[in-house]
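Below: the structure, in structure tokens.
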Amino acid sequence: MVLQDVDGVARPISLGGREKRPDGQHTPEMVYELAGDIEELVHEHAGAFLRSIVVYTADNYEIRFVRDDVEENYDATEIERALDELRLETLEREYINSIFAEKHGEFISNILTFTEAVEMNFLVDEGVGMAIAVDREYFEQRGLFVHDLSERLLADIASEVP
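Each residue of the sequence shown is one higher than the one before, starting from -10 at the first, in this note's numbering.
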């Protein structure tokens, strides 16, 4: 996994050195360590645009950060539903890799773009991952391709609706 630091320099986030299962895979719990490694970087990078950081395994989750105005919009049931969706997304990882990994490398994340937020779900293993949400404005201010393309598509769709 690679994240860019605040200076725009790519910084690899290594899973090496973490506890592994007998089959050589990382333990689900290592996602909590990984989150600790990058949490400060995410805060520095996204600043006030950061909405939440959630780390999850198949059986558990930890909300590492949630902005007050975001927290007010969710009750316990809605959080559980969102986590179920995040976990489901991890199940497609192996299938997606079977189709695209040879040409594109390993599948590492889903990015869902909404009118108010962008949700990035980093898939670590089946049922295991880390979700980072930011305000959509974060991408607007950085002039990022995802935002620019989304705006264009939304404008085109809106112009076609009677």
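Just so you know, even glycine gets a beta-carbon here, dropped at the ideal spot from N, CA and C.
What span of residues does the alpha helix (DSSP H) with residue i cover, start to end?
{"i": "TYR127", "result": "125 to 131"}
{"i": "ARG82", "result": "82 to 93"}
Using 10 angstroms around the beta-carbon of residue i, count the other beta-carbons present and answer buried if the total reaches 16, otherwise exposed.
{"i": "THR104", "result": "exposed"}
{"i": "TYR84", "result": "exposed"}
{"i": "ILE42", "result": "buried"}
{"i": "THR66", "result": "exposed"}
{"i": "GLY6", "result": "The pLDDT assigned to GLY6 is 43, lower than 50, so where the model puts this residue is not dependable, and the model offers no usable value."}
{"i": "LEU112", "result": "buried"}
{"i": "HIS93", "result": "exposed"}
{"i": "ALA90", "result": "exposed"}
{"i": "ALA24", "result": "buried"}
Alpha carbon to alpha carbon, what distance is there between residue j and residue i?
{"i": "PHE134", "j": "ARG125", "result": "12 Å"}
{"i": "ILE88", "j": "VAL55", "result": "35 Å"}
{"i": "ALA47", "j": "LEU143", "result": "35 Å"}
{"i": "GLU74", "j": "PHE128", "result": "23 Å"}
{"i": "ASP64", "j": "GLU81", "result": "27 Å"}
{"i": "GLY118", "j": "GLU61", "result": "24 Å"}
{"i": "LEU138", "j": "ILE100", "result": "13 Å"}
{"i": "ALA35", "j": "ASP26", "result": "16 Å"}
{"i": "GLU33", "j": "THR102", "result": "21 Å"}
Just to confirm, is the Cβ distance from residue i to residue j under 8 Å?
{"i": "TYR50", "j": "VAL59", "result": "no"}
{"i": "VAL20", "j": "ILE121", "result": "no"}
{"i": "VAL123", "j": "LEU39", "result": "yes"}
{"i": "GLU78", "j": "ASN86", "result": "no"}
{"i": "GLU69", "j": "ARG53", "result": "no"}
{"i": "ARG141", "j": "GLY116", "result": "no"}
Note the first and the last residue of the continuous beta strand (DSSP E) segment covering residue i.
{"i": "TYR21", "result": "Segment 19 to 35 is the alpha helix (DSSP H) holding TYR21; no beta strand (DSSP E) there."}
- Query: What are the complete alpha helix (DSSP H) segments, minimum 4 residues, inside the region 39 to 123?
  - Reply: 57 to 60, 65 to 80 and 82 to 93
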